[in-house]
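Heads up, the thing below is written out as structure tokens.
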Amino acid sequence: MCNSASLRPQPNSNEPADGSLKRLGMTERKDEVNQPAEPGTVKLYGVTWPWFVTQEALDALKDYDVWDDDVWIVTYPKAGTHWAMEIVNLILVDGHEERINRAQQSHPVEFDLSQPGRSVFKEPRPPQYKAMAQWTAPRVIMTHLTEELMPSQIYQGKGKVVYVIRNPKDTTVSNWNFVKPMKFDSRYEKWDYFVKLSFSEEMVFGSWFPHVLDFWTKHRYDKNFLFLKYEDMIKDKKRAVIQITDFLGKHLSDDAVDRVVELCSFQSMKARFNLSQPSAKEAPPSVPPSDQESAPPDDQAKPPADKGGLGAPSILRKGTVGDWKTMFTVAQNEELNALFREKMEGSGLTIEFE
Numbered sequence: 002m003c004n005s006a007s008l009r010p011q012p013n014s015n016e017p018a019d020g021s022l023k024r025l026g027m028t029e030r031k032d033e034v035n036q037p038a039e040p041g042t043v044k045l046y047g048v049t050w051p052w053f054v055t056q057e058a059l060d061a062l063k064d065y066d067v068w069d070d071d072v073w074i075v076t077y078p079k080a081g082t083h084w085a086m087e088i089v090n091l092i093l094v095d096g097h098e099e100r101i102n103r104a105q106q107s108h109p110v111e112f113d114l115s116q117p118g119r120s121v122f123k124e125p126r127p128p129q130y131k132a133m134a135q136w137t138a139p140r141v142i143m144t145h146l147t148e149e150l151m152p153s154q155i156y157q158g159k160g161k162v163v164y165v166i167r168n169p170k171d172t173t174v175s176n177w178n179f180v181k182p183m184k185f186d187s188r189y190e191k192w193d194y195f196v197k198l199s200f201s202e203e204m205v206f207g208s209w210f211p212h213v214l215d216f217w218t219k220h221r222y223d224k225n226f227l228f229l230k231y232e233d234m235i236k237d238k239k240r241a242v243i244q245i246t247d248f249l250g251k252h253l254s255d256d257a258v259d260r261v262v263e264l265c266s267f268q269s270m271k272a273r274f275n276l277s278q279p280s281a282k283e284a285p286p287s288v289p290p291s292d293q294e295s296a297p298p299d300d301q302a303k304p305p306a307d308k309g310g311l312g313a314p315s316i317l318r319k320g321t322v323g324d325w326k327t328m329f330t331v332a333q334n335e336e337l338n339a340l341f342r343e344k345m346e347g348s349g350l351t352i353e354f355e
């Protein structure tokens, strides 16, 4: 474990006010729709989002028409979203990867990459939530929406939700490695700043605690919800595949289960995602295209060198448990442990960190 700077900001730094993770934990949500946000982000309904999430999309999704056979993959970012989505896709086609309809491969449903003057695609395309209306069933849909912004029909029992929880330490390290080269904010390149920001409401997609706890405490007993822990999935992939298969009401032969397990190994997915997907130029940049010309050179979006995976740069990095030990200082670890105990008390949710 690293031994360097503490989580508390130094005088005159640009870090979030009150530095302590304890003070940067779950905060009361605001009623305002639009609030000031950092460059490359927007503030909507008390949550900080990437610039390509719009109020129109969020409002439309609240009243979205959920199909009975929809499968929604819901996570806090960098918690195994694409992994869970691929497992579900493979289960639905009995482990025959070539049968997956990649044209229906989803960006998070809240993403709107069609905004006038800001499209990152050569050809016009509708917002994700509109495009999905033309998909064939069953639809596999991924999202990082907060609990209060999910389609209300889901809470009436329509569709199924697979929610994957990953420990907040590894999530933070994975998220930092993901967003750092995307240039959302030059300060994100500094680990000490990023780790404090991650547990504040200013973090893109909000803090880990309210996202996880809102879903867990309100829906852990709902019949159309399945909660999985990333760490358990890593330990026993076959068990995770069987759990999801049973939840979806599918029956797979032993051979089909084995195919799904093999195709969902980290090595297999990394090779498949990088080889079969569009250019990284189609991954959304960190600042709107219309803003890039006037942005300082260091803040301009730089597309990654590799292919864009299933819609984003470097979505598959290590796929391990315990990588946080390479980044968290002793002080950072102790402070997050204290915050974790405080926020998780009485939740009934236990998390493994290694």
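With the numbering used here applied, the sequence shown closes on residue 355, and no number is skipped along the way. Built from N, CA and C at the ideal position, the CB exists for glycine as well.
Measuring CB atoms only, is the stretch 62 to 79 touching the stretch 145 to 161, in the sense that at least three cross pairs come out at less than 8 Å? yes
If you measure between the beta carbons of Ala61 and Asp113, is that distance less than 7 Å? The residue labelled residue 61 in the question sits at position 60 within the sequence shown. The residue labelled residue 113 in the question sits at position 112 within the sequence shown. Contact: no.
Would you check if the stretch 166 to 175 and the stretch 86 to 106 touch, i.e. whether three or more CB-CB distances between them fall below 8 Å? Between the stretch 86 to 106 and the stretch 166 to 175, the count of C-beta pairs closer than 8 Å stays below three; the two stretches do not touch.
Rounding to the nearest angstrom, what Cα-Cα distance links Ala85 and Ile74 in this structure? Residue numbering aside, residue 85 sits at position 84 when the sequence shown is read from its first letter. Residue numbering aside, residue 74 sits at position 73 when the sequence shown is read from its first letter. Straight across, the Cα-Cα distance linking Ala85 with Ile74 is about 7 Å.
Please identify the residue among Ile166, Ser115, Trp50 and Glu148 whose C-alpha is closest to the C-alpha of Gly81. Position 80 of the sequence shown, counted from the first residue, corresponds to residue 81. Ranking Ile166, Ser115, Trp50 and Glu148 by Cα distance to Gly81 puts Ile166 first.
Between the Cα of Val331 and the Cα atoms of Thr144, Gln244 and Lys170, which residue gives the shortest distance? Stepping through the sequence shown from its first residue, residue 331 is reached at position 330. The residue with the shortest Cα to Cα distance from Val331 is Lys170.
In whole angstroms, what is the alpha-carbon distance linking Lys79 and Ser254? Locating residue 79 in the sequence shown gives position 78, counting from the first residue. Locating residue 254 in the sequence shown gives position 253, counting from the first residue. Near 31 Å, if we compare the C-alpha coordinates of Ser254 and Lys79.
Can you list, in chain order, the residues of its chain whose CB lies under 6 Å from that of Asn90, leaving out five sequence neighbours each side? Translated into the one-based positions of the sequence shown, residue 90 becomes position 89. Answer for Asn90: Ile101 and Val141, listed in chain order.
Given His97 as reference, the closest of Glu346, Val261 and Phe329 once Cα atoms are compared: Within the sequence shown, numbered from 1, the residue matching residue 97 stands at position 96. When each option's Cα is compared against that of His97, the closest is Val261.
Could you pull the DSSP bridge partners for Leu229 from this structure? In the sequence shown, residue 229 corresponds to position 228, counting from 1. DSSP lists Val165 as the beta-bridge partner residues of Leu229.
From Leu214, Val258, His220 and Asp64, pick the residue whose C-alpha is nearest to that of Leu150; which is it? Walking along the sequence shown from the start, residue 150 turns up at place 149. Answer by Cα proximity: Asp64.
Considering Cα atoms alone, identify which of Gly250, Val213 and Glu87 is closest to Lys238. Taking the sequence shown and counting its residues from 1, one reaches residue 238 at position 237. Out of Gly250, Val213 and Glu87, Glu87 has the C-alpha closest to the C-alpha of Lys238.
What span of residues does the beta strand (DSSP E) with Pro51 cover, start to end? What you label residue 51 is simply residue 50 of the sequence shown in a count that begins at 1. From DSSP, the beta strand (DSSP E) with Pro51 extends over Val48 to Pro51.
Beta-carbon within less than 6 Å of Met234's beta-carbon, same chain only, minus the 5 sequence neighbours each way: which residues are those? For this step, residue 234 is matched to residue 233 along the sequence shown. Once the five neighbours on either side are set aside, the close Cβ partners of Met234 are Ala241.
Quick one: what's got a C-beta closer than 6 Å to Lys251's C-beta in the same chain, skipping five residues either side? For this step, residue 251 is matched to residue 250 along the sequence shown. Taken in chain order, the residues that qualify are Ile92.
Rank Lys191, Asp256 and Val180 by C-alpha distance to the C-alpha of Leu329 and give the top, closest one. Counted from its first residue, the sequence shown places residue 329 at position 328. Note on identity: in this sequence residue 329 is Phe, with Leu being the wrong assignment. Closest by alpha carbon: Lys191.
Within the continuous alpha helix (DSSP H) that includes Met143, where are the two ends? Here the question's residue 143 lines up with position 142 in the sequence shown. From DSSP, Met143 is part of no alpha helix (DSSP H) but of the beta strand (DSSP E) over Val141 to Thr144.
Return the bridge partner residues of Val94 from the DSSP annotation. Reading the sequence shown from its first residue, position 93 is the one you call residue 94. DSSP, once it has assigned bridges, lists no residue as partnering Val94.
Unbroken beta strand (DSSP E) run spanning Lys44, endpoints: Along the sequence shown, one-based indexing puts residue 44 at 43. Thr42 to Leu45 is the span of the beta strand (DSSP E), which, as asked, contains Lys44.
Could you please give the first and the last residue of the uninterrupted beta strand (DSSP E) stretch that includes Ile74? Counting from 1 along the sequence shown, the entry for residue 74 is found at position 73. Its beta strand (DSSP E) spans residues Val72 to Thr76.
Can you find the residues in the same chain that come closer than 8 Å, C-beta to C-beta, to Cys265, ignoring five residues on each side of it along the sequence? Residue numbering aside, residue 265 sits at position 264 when the sequence shown is read from its first letter. Result list for Cys265: Trp84, Glu87, Ile88, Leu91, Lys238 and Val242, in chain order.
According to DSSP, is Glu335 helix, strand or coil? In the sequence shown, the residue the question calls residue 335 occupies position 334. Here Glu335 sits in helix by DSSP.
Let me confirm a value: Asp299 is counted as buried when at least 16 other C-beta atoms fall within 10 Å, else exposed. Which label applies? Translated into positions along the sequence shown, residue 299 becomes position 298. The predicted model places Asp299 with a pLDDT of 35, which falls under 50 and marks its position as unreliable; any figure quoted below should be read in that light. When all chains shown are included, Asp299 counts as exposed.
Grab the span of the alpha helix (DSSP H) containing Gln105 for me, first residue to last. Taking the first residue of the sequence shown as 1, we reach residue 105 at position 104. That residue, Gln105, is in no alpha helix (DSSP H); it is neither H nor E in DSSP.
Need the endpoints of the alpha helix (DSSP H) that Val258 sits in, please. What you label residue 258 is simply residue 257 of the sequence shown in a count that begins at 1. Taken as a continuous stretch (DSSP letters only), the alpha helix (DSSP H) holding Val258 covers Asp255 to Leu264.
Helix, strand or coil for Phe248 per DSSP? Position 247 of the sequence shown, counted from the first residue, corresponds to residue 248. Of the three classes helix, strand and coil, the one that applies to Phe248 here is helix, per DSSP.
If you draw a straight line from the C-alpha of Asp215 to the C-alpha of Leu249, how long is it? Your numbering for residue 215 matches position 214 in the sequence shown. Your numbering for residue 249 matches position 248 in the sequence shown. When rounded, the distance between both Cα atoms is 23 Å.
Thinking C-alpha only, which one of Gln244, Val54 and Phe228 is nearest Leu146? Taking the first residue of the sequence shown as position 1, residue 146 is located at position 145. Distance check between Leu146 and each of Gln244, Val54 and Phe228 places Val54 closest, using alpha-carbon atoms only.
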